[in-house]
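Heads up: the sequence shown is residues 817 to 1044, going by my numbering. Every residue gets a Cβ at the ideal spot worked out from N, C-alpha and C, and that includes glycine.
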Amino acid sequence: MSVQFGDRIERSLNERVIQIKKAVDAAGLEGVVETVPSYRALMVHYDPRRTSQATLIDEIGPFLDQPASAAAAGTHWRIPTCYDPEFAPDLDYVASCTDMTPERVVEIHTTTPHYVYMIGFAPGQPHMGDLPEELAIPRRKDPRPVVEKGSIVTATGLSIIYPVTNASGWHIIGRSPVSVFDVDKNPPVLLIAGDTVDFYSVSRREYDDIQQMIDEGRFDPEQLKARP
817 MSVQFGDRIE RSLNERVIQI KKAVDAAGLE GVVETVPSYR ALMVHYDPRR
867 TSQATLIDEI GPFLDQPASA AAAGTHWRIP TCYDPEFAPD LDYVASCTDM
917 TPERVVEIHT TTPHYVYMIG FAPGQPHMGD LPEELAIPRR KDPRPVVEKG
967 SIVTATGLSI IYPVTNASGW HIIGRSPVSV FDVDKNPPVL LIAGDTVDFY
1017 SVSRREYDDI QQMIDEGRFD PEQLKARP
C-alpha cells in the first residue's frame, strides 16, 4: 500500500513521509512487514493473511491527521570524495553546461549540505538533494552501461553515490572510497532517509590511503559521522 504526500520533490514533504514512517513503525501494527520511504510517498508492505488494506487505512489514517512536526535530525555524515579527472569524466562537461570552472562545480558540491531523500534503485543507493538551481542539469542523452562503485553522479539538482557498479544516465563528477552498501555488515546500508551528507574533497593519494585502510579492515565508518 502506498501513502502519497504530494506531487513534487521537496524536503518538507519528505520529512512528513519520514514522520509518518516512524509513527507507523512505533505502532507495531499487526501484519505490517516493513515501511519504505521514497521522495514523496510511504510504501507499506503488509502480510494479507494477517491484515487488510482497509484495516491499515483505518489504522494509519489518524497518523495522517496529526500536524506535521519538526523532523528529528538524522545522522550527519562527512564523505571523502576525489574529484580527480580519472574519477570525474563528466566534470568538465558539467562545468561547461553551467558556465563554471570545474573547480567552482566542486566548490558548490562540497559546500552544499545534501539531504538523503530515499534509498533505492540499487541496494543502499542514496538519492540526495538539493543542489543549487545553477547545477540542476539534465541527465545524459547517452547513458553509460558501466559506472564504477563509489562514483558520485549528479543530474536534476540531485546527487547519488553508487553502491555497486551499475549503469547510469547521470553525470560522473567524482568517486568516494567509502562503500554505502556492504552485505557483510549489519546493517548493510550506511545511509538512511533523513540523514544529511557533506562531501569533502580529497586528493588521489588520500583516496588511495583511505581505500587501503578499508581493504585492510582498519577503517571505521563511525569516523565519518560529523561531530556536533
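Residue i vs residue j beta-carbon contact at 7 Å
{"i": "ARG856", "j": "PHE879", "result": "no"}
{"i": "TYR978", "j": "CYS898", "result": "no"}
{"i": "GLY940", "j": "VAL1005", "result": "yes"}
{"i": "PRO853", "j": "VAL840", "result": "no"}
{"i": "THR972", "j": "ALA952", "result": "yes"}
{"i": "ILE895", "j": "VAL999", "result": "no"}
{"i": "THR914", "j": "GLU950", "result": "yes"}
{"i": "PRO959", "j": "GLY985", "result": "yes"}
{"i": "ARG991", "j": "SER967", "result": "yes"}
Neighbourhood of residue i by C-beta distance below 8 Å, restricted to the same chain and skipping five residues each side
{"i": "ILE935", "result": "GLN941, PRO942, HIS943, VAL1005, LEU1007, ILE1008 and ALA1009"}
{"i": "ASP818", "result": "Per the sequence shown, the amino acid found at residue 818 is Ser instead of Asp. Correct list, in chain order: ALA857, LEU858, MET859 and VAL860."}
Residue(s) in a DSSP beta bridge with residue i
{"i": "TRP893", "result": "VAL1013 and LYS1041"}
{"i": "CYS898", "result": "ARG991 and VAL1018"}
Spatial distance of residue i from residue j (CA atoms)
{"i": "GLU850", "j": "HIS925", "result": "33 Å"}
{"i": "TYR909", "j": "LYS1001", "result": "37 Å"}
{"i": "PRO948", "j": "HIS930", "result": "11 Å"}
{"i": "PHE937", "j": "ARG866", "result": "29 Å"}
Residue from the options with nearest C-alpha to residue i
{"i": "ARG824", "options": "ASN982, GLY945, ASN1002 and ILE873", "result": "GLY945"}
{"i": "ASP1011", "options": "HIS892, THR914 and GLU949", "result": "HIS892"}
{"i": "ILE873", "options": "ARG955, VAL969, THR914 and GLY847", "result": "GLY847"}
{"i": "GLY890", "options": "ARG991, ILE968, PHE997 and ASN830", "result": "ASN830"}
{"i": "VAL1013", "options": "LYS1041, LYS957, GLU964 and PRO864", "result": "LYS1041"}
Same chain, Cβ closer than 6 Å to residue i, neighbours up to 5 away in sequence not counted
{"i": "LYS811", "result": "This structure cannot settle anything about residue 811, because the visible part of the chain is limited to 817 through 1044."}
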